[in-house]
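Novice: From first to last, the protein sequence lines are chains A and B.
For what it's worth, the numbering used here labels the leading residue of the first sequence as 16, then goes sequentially.
For what it's worth, the numbering used here labels the leading residue of the second sequence as 128, then goes sequentially.
Supplied in structure tokens, the structure appears directly below.
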Amino acid sequence: MTNSMDRRSFLKKSAACAGLMLAVSLSGFPPILAAEKRTDTGNNQWIPNAWLRMTPDGVVTVLINKSELGQGTWTGLAMLVADQLDMDWKDVRVEASPVRDEYKDPIFGMQLTGGSTGIRNMYDTMSKAGAAAREMLISAAASEWKVPIGECLAQKGNVTHQKTGKTLSYRQLCSQAAKVPVPQNPPLKPRDQFQFIGKNMPRLDMFDKVNGKPVFGVDVFVPGMLYSSIERPPAYGAKLVSFDKAAAEKVPGVQKVFTVPEGVAVVATNIESAWKGRKALNAKWDLGSMPDLNDTSLQRIFMDHMRKKGLVTKNVGDVEQAFKKASQRMMSVYSAPYVAHAAFEPQNCTADVRPDSCEIWCPTQAQTSALNVAMKETGLPADKITIHTTMLGGGFGGKVEVKVVEEAVMISRTVGKPVKHIWSRKEDFNNDCFRPGSLHMIEGGLDDKGVPVLWRHKVVVSPIMERLLPAMVKGGIDPTAVDGIANMDYSMPNLYVEYVKLDLPIPVGFWRSVGNSSNTFVVESFIDEMAHGAGKDPLEFRLNMLKENPRAAGVLKKVADAGGWSNPAPKDIGRGIAVRFSYGSYVAQMAEVSVDKKTGVIKVHRMVSAIDPGQVVNPDSVLAQIEGATIMAISVALKERVSFKNGGVATSSFSDYPILTMSEIPRIEGHIITNNEKIGGVGEPCVPPVAPAIANAVFAATGLRLRSLPMTADKVRSAFKAKA
Amino acid sequence: MMIELLVNGKKHQVDVDPDSNLLWVIREHLKLVGTKYGCGEGACGSCTVHLDGEPTRSCQLTVKDAQGKAITTIEGIPEDHPVKEAWIAEQTSQCGYCQPGQIMQAVALLARNPKPSDQQIVDSMDGLLCRCGTYPRIIKAIRKAAGKGGSR
């Protein structure tokens, strides 16, 4: 009874207080908390700033501008707010923020989840948002008790006056806090007072995820919505020659059939009818822009480009002279294939375009890009477009692409009704913007003591940034082409890196760790070749080249110690090691593998991983990323390769693009090193050193040097034959 | 045409073509969206439901096939089921998209074999793919659920 009385009077009070909102200005970094008038929130909530709101039950909802695609960013970012706000964890909730200017990433200047930046780019903003709210609550309590602010302390959802022991809960203080001026520079709690950061906190999305409750993009329902699908060209650049519109319209459930720039859109009352309608179209296409594109021709194209002159992206010392002087010279050719994202939730988007408004629900990593294509497609200004970020069923960089949003908006605008637009698995494979394939030629040299003195590297690869972030391309050099090569972690007195740009109709994009993933395979494999050429232990050889790079050396030593590198490997097991700094974090991987000489199958038994991201918010989430990234990277190292034929993509499903299964995973041991360095990313950096650690382990086990990904059983068998 | 489906103990009348795919009817007509479309060809397991207790890829069935059988989806497994609780305890899910299918397979495994060996766990789960790489935690969660009487 008392409770309900309290609640009623509180509701009255807090209704009066609703109306304050802060936005975090983007004009500088660290962010400035600026007051912004808001007419009425209408829901008895206190909204101390753009990043959180408190309801009368004391529950704080943190608004997250980063997409949750499995990496745990929602929980991590909420921990930053909750820690500074001195909350009780049970009162913390999260939801996707709206898509608006105040939610742009302060470093990127756009709303985007990529580059393993979720926590590190938002760390200051979220901490300040929590601290500002805490200071306002303390200030409200101090004036209620008429005591100095300095005598009051916020703790687990309450403010306490330390001298008298008087306590008021946040919910009791909410209405008064709303009247307090917004502190522009709230003090941040020091690290030794953190109650959540650095501890394993349970993920806020876990309960829903085991109960089938989160709303992914495909789970959106809008009243009166239809379903749509586009019949697309089977080859890159192919133009529509003919199609049977009437036949498609006869399919039960099909509502509308019309041409769109790429092909023919079929809109129906359910997705199966839309797909049947597409089949009934019996669409005919011309041969496209490159009809002879296939796996064999692609190899030839790469080799032809290797003979071309490229752009010099790095030229340190004098490679020519060093090459002449070297007492031992070596040369190798490496290659990596095109690889698909294959996120389990295929690309999809639901759009409701009206004459004067547009509402979009999509599982996107790139909200600002989604907004831009919607503005372009509808002609509406940004304030007439509402974008809801749903939960994402995986992304891995693939969901920065917004083609599916453009299509959904275009189709909804044309039919004048909301549409749920879902790519089939085949469409998702056929229209993916892949990790680019690449071909590498490397020459290296050692002096008479076996110390590496030169590295000459030529890479043939297609650019990514030219399409996605053209401002990043300087002097024609796409940084992703040479990431991990030109900026390798080792000291190399003479280094020459050349990039030959490959223009092909195959679209390429950001794939978990981008250029680092294939380039690190190449660099860390060739380093291993040099170590063996010098007759040195691969770990010692690396450490000698990392005297200027103690954190890279640190993660290597960690996996070597934890993995027992100095002890003899178990029978028939080979050990390999590799390291890479990317996205602000250092990662080393040690692999233990065996190779079946008859079948050629490589079995990875054990991976020992160490990451040094400087600081850690949620250690268990970091461990989950070590496990997940390592497994995905093993999958790519051993199995994955997109295939092309007749000018288009041949790969169409998991049956012709197998990924790693449960029976193929090794034991994974993850280690986290923390220190006082700047916080780094964790979603991507564990990927790059996995493939070379495995390749180096295969060499240790068999003497076979595998220089072409994926390391499939047939390649191993041919290598054994060639060796014999 | 009206088709009667028995889902999570409730009878539903749905007006669909009898050859409609069970997965899409469960998702888009009954709005039980925990069951997911992953590949449409039975190769990934994200659409796994129980048909009379047997784990089944719903994308490979028509509603006609499922008529008269007891269909259970992720929404029909109690929130306090040992498998779901173990999944939370091990912080298993990452993106979460394939997880309902994984959980349905695990629930069926433990119903049949309350104390599976690690090899039996892997044998039963191997056809269910996860792109995030949650396999190690899935194994731990199933072991944990088995220890707590996961057969319930």
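Every residue, glycine too, gets a C-beta built ideally from N, C-alpha and C.
Kindly say whether Asp253 (chain B), judged by its beta-carbon, lies nearer than 8 angstroms to any beta-carbon of chain A.
Specialist: Your numbering for residue 253 (chain B) matches position 126 in the second sequence. Asp253 (chain B) counts as touching chain A.
Novice: Name, please, each residue of chain B whose Cβ falls closer than 7 angstroms to the Cβ of Ser668 (chain A).
Specialist: Position 653 of the first sequence, counted from the start, is the residue given in the question as residue 668 (chain A). What Ser668 (chain A) touches in chain B, judged by beta-carbon distance under 7 angstroms, is Cys166, Glu168, Ala170, going in chain order.
Novice: Could you confirm whether any beta carbon from chain A is found closer than 8 angstroms to the beta carbon of Gln221 (chain B)?
Specialist: For the purposes of this step, residue 221 (chain B) is taken as the residue at position 94 of the second sequence. So yes, Gln221 (chain B) belongs to the interface.
Novice: Using three-state DSSP, classify Asp101 (chain A) as helix, strand or coil.
Specialist: Here residue 101 (chain A) is taken as the residue at index 86 of the first sequence, counted from 1. Reduced to three states, the DSSP call for Asp101 (chain A) is coil.
Novice: How far does the beta strand (DSSP E) with Arg732 (chain A) in it reach, from first residue to last?
Specialist: Counting from one through the first sequence, the residue named residue 732 (chain A) turns up at place 717. Note, Arg732 (chain A): premise wrong, no beta strand (DSSP E); alpha helix (DSSP H) at 728-738.
Novice: Listing by chain order, which chain A residues have their CB less than 8 angstroms from the CB of Leu256 (chain B)?
Specialist: Residue 256 (chain B) sits at position 129 when you count from the first residue of the second sequence. Neighbours of Leu256 (chain B) on chain A, chain order: Phe359, Phe669, Ile674, Thr676.
Novice: Which word fits Asn297 (chain A), buried or exposed, when buried means at least 16 other C-beta atoms lie within 10 angstroms of its C-beta?
Specialist: As a first step, residue 297 (chain A) is located in the first sequence; it is residue number 282 there, counting from the start. It counts as exposed.
Novice: Can you list, in chain order, the residues of its chain with a C-beta nearer than 6 angstroms to that of Arg566 (chain A)? Leave out the 5 residues immediately preceding and following it.
Specialist: Taking the first residue of the first sequence as position 1, residue 566 (chain A) is located at position 551. Once the five neighbours on either side are set aside, the close Cβ partners of Arg566 (chain A) are Tyr601, Asp627.
Novice: Would you verify that the beta carbon of Gln194 (chain B) is, or is not, closer than 8 angstroms to some beta carbon of chain A?
Specialist: Counted from its first residue, the second sequence places residue 194 (chain B) at position 67. Answer no: the Cβ-Cβ gap between Gln194 (chain B) and chain A never drops below 8 angstroms.
Novice: Extract the residue ranges of the beta strand (DSSP E) inside the region 206-271 of chain A, only unbroken runs of 3 or more that lie entirely within it.
Specialist: You should have 241-246, 255-257.
Novice: Buried or exposed: where does Asn215 (chain A) fall if 16 or more other Cβ atoms within 10 Å of its Cβ makes it buried?
Specialist: As a first step, residue 215 (chain A) is located in the first sequence; it is residue number 200 there, counting from the start. Label assigned to Asn215 (chain A): exposed.
Novice: Report yes or no: is there a C-beta of chain B within less than 8 angstroms of the C-beta of Leu519 (chain A)?
Specialist: Taking the first residue of the first sequence as position 1, residue 519 (chain A) is located at position 504. False, the Cβ-Cβ gap to chain B never drops below 8 angstroms.
Novice: If you follow the beta strand (DSSP E) that His620 (chain A) is part of, which residue opens it and which one closes it?
Specialist: As a position in the first sequence, residue 620 (chain A) is number 605, starting the count at 1. Segment 617-629, the beta strand (DSSP E) holding His620 (chain A).
Novice: In terms of residues, what are the limits of the alpha helix (DSSP H) holding Val74 (chain A)?
Specialist: Position 59 of the first sequence, counting from 1, holds the residue named residue 74 (chain A). Judged by DSSP secondary structure, Val74 (chain A) falls outside any alpha helix (DSSP H); it is assigned neither H nor E.
Novice: Using the C-alpha atoms, what's the distance from Pro163 (chain A) back to Thr365 (chain A)?
Specialist: The residue you call residue 365 (chain A) lines up with position 350 of the first sequence. The residue you call residue 163 (chain A) lines up with position 148 of the first sequence. Roughly 53 angstroms between the two C-alpha positions.
Novice: My guess is that Lys271 (chain B) and Glu202 (chain B) are in contact by the Cβ rule of under 8 angstroms, so how many angstroms apart are they, rounded?
Specialist: Position 144 of the second sequence holds residue 271 (chain B). Position 75 of the second sequence holds residue 202 (chain B). So it is not a contact: roughly 22 angstroms between Cβ atoms.
Novice: Excluding the 5 residues preceding and the 5 following Glu138 (chain A) in the sequence, name in chain order all residues of the same chain whose CB lies nearer than 7 angstroms to its CB.
Specialist: For the purposes of this step, residue 138 (chain A) is taken as residue 123 along the first sequence, with counting starting at 1. The sequence as given places Tyr at residue 138 (chain A); Glu does not occur at that position. Correct list, in chain order: Leu95, Ile694.
Novice: For Arg722 (chain A), which of helix, strand or coil comes out of DSSP?
Specialist: As a working note, residue 722 (chain A) is residue 707 in the first sequence. Coil.
Novice: Start and end of the beta strand (DSSP E) containing Asp120 (chain A)?
Specialist: To locate residue 120 (chain A), count along the first sequence from 1; it is residue 105. From DSSP, Asp120 (chain A) is part of no beta strand (DSSP E); its letter is neither H nor E.
Novice: From A:Ala253, A:Gly145, A:Val538, pick the residue whose C-alpha is nearest to that of Asn711 (chain A); which is it?
Specialist: Translated into the one-based positions of the first sequence, residue 711 (chain A) becomes position 696. Comparing Cα positions, the closest option is A:Val538.
Novice: I'd like to check one pair, Arg621 (chain A) with Pro725 (chain A): are the Cβ atoms closer than 8 angstroms?
Specialist: In the first sequence, counting from the first residue as 1, residue 725 (chain A) sits at position 710. In the first sequence, counting from the first residue as 1, residue 621 (chain A) sits at position 606. No, the pair does not count as a contact, with Cβ atoms beyond the cut-off.
Novice: Assign Ala298 (chain A) to one of three DSSP states: helix, strand, or coil.
Specialist: Reading the first sequence from its first residue, position 283 is the one you call residue 298 (chain A). It is coil, neither helix nor strand.
Novice: Listing by chain order, which chain B residues have their CB less than 7 angstroms from the CB of Ile646 (chain A)?
Specialist: For the purposes of this step, residue 646 (chain A) is taken as the residue at position 631 of the first sequence. By Cβ distance, chain B contributes Gly260, Tyr262.
Novice: Using a 10 Å radius around the Cβ and a threshold of 16 neighbouring Cβ atoms, would you call Gly165 (chain A) buried or exposed?
Specialist: For this step, residue 165 (chain A) is matched to residue 150 along the first sequence. Answer is exposed; the Cβ neighbour count stays below 16.
Novice: For the region 352-362 of chain A against the region 408-420 of chain A, are there 3 or more C-beta pairs whose distance is under 8 angstroms?
Specialist: yes
Novice: List the residues that DSSP assigns as beta-bridge partners of Asn330 (chain A).
Specialist: Walking along the first sequence from the start, residue 330 (chain A) turns up at place 315. A:Tyr511.
Novice: Under a CB-based cut-off of 8 angstroms, is Lys224 (chain A) close to chain E?
Specialist: Chain labels in this structure do not include chain E; the protein chains are A and B.
Novice: From Asp576 (chain A) to Asp635 (chain A), what distance separates their C-alpha atoms?
Specialist: Indexing the first sequence from 1 puts residue 576 (chain A) at position 561. Indexing the first sequence from 1 puts residue 635 (chain A) at position 620. Taking the straight line from one Cα to the other gives about 22 angstroms.
Novice: Which partner residues does Trp290 (chain A) have in the DSSP bridge list?
Specialist: Along the first sequence, one-based indexing puts residue 290 (chain A) at 275. Bridge partners of Trp290 (chain A): none, in fact.
Novice: So, do the region 719-734 of chain A and the region 552-571 of chain A have three or more beta carbon pairs nearer to each other than 8 angstroms?
Specialist: As far as the Cβ criterion goes, the region 719-734 of chain A does not touch the region 552-571 of chain A, which means the pair count is below three.
Novice: Please tell me whether Gln218 (chain B) has its Cβ less than 8 angstroms away from any Cβ of chain A.
Specialist: Residue mapping note: residue 218 (chain B) aligns to position 91 of the second sequence, counting from 1. Residue-level contact by beta carbon holds for Gln218 (chain B) and chain A, with a gap shorter than 8 angstroms.
Novice: Would you mind reading off the limits of the alpha helix (DSSP H) that contains Val1 (chain A)?
Specialist: For residue 1 (chain A) there is no data in the structure shown, the boundaries of chain A being 16 and 739.
Novice: Beta strand (DSSP E) containing Glu699 (chain A): first to last residue?
Specialist: Along the first sequence, read from residue 1 onward, the residue named residue 699 (chain A) stands at position 684. Element bounds for Glu699 (chain A): n/a, residue is neither H nor E.
Novice: Is the beta carbon of Val348 (chain A) sitting closer than 8 angstroms to the one on Met503 (chain A)?
Specialist: Residue 348 (chain A) sits at position 333 when you count from the first residue of the first sequence. Residue 503 (chain A) sits at position 488 when you count from the first residue of the first sequence. No. Outside cutoff.
Novice: Using a Cβ cut-off of 7 angstroms, pull out every chain B residue sitting near Glu287 (chain A), in sequence order please.
Specialist: Numbered from its first residue, the first sequence carries residue 287 (chain A) at position 272. Within chain B, the residues near Glu287 (chain A) are Ser147, Asn148, Trp151.
Novice: CB-CB under 6 angstroms to Pro451 (chain A), same chain, minus the five flanking residues each way: which ones, in chain order?
Specialist: Along the first sequence, read from residue 1 onward, the residue named residue 451 (chain A) stands at position 436. Within the same chain, Pro451 (chain A) has close Cβ partners Val476, Ser477, Val523.
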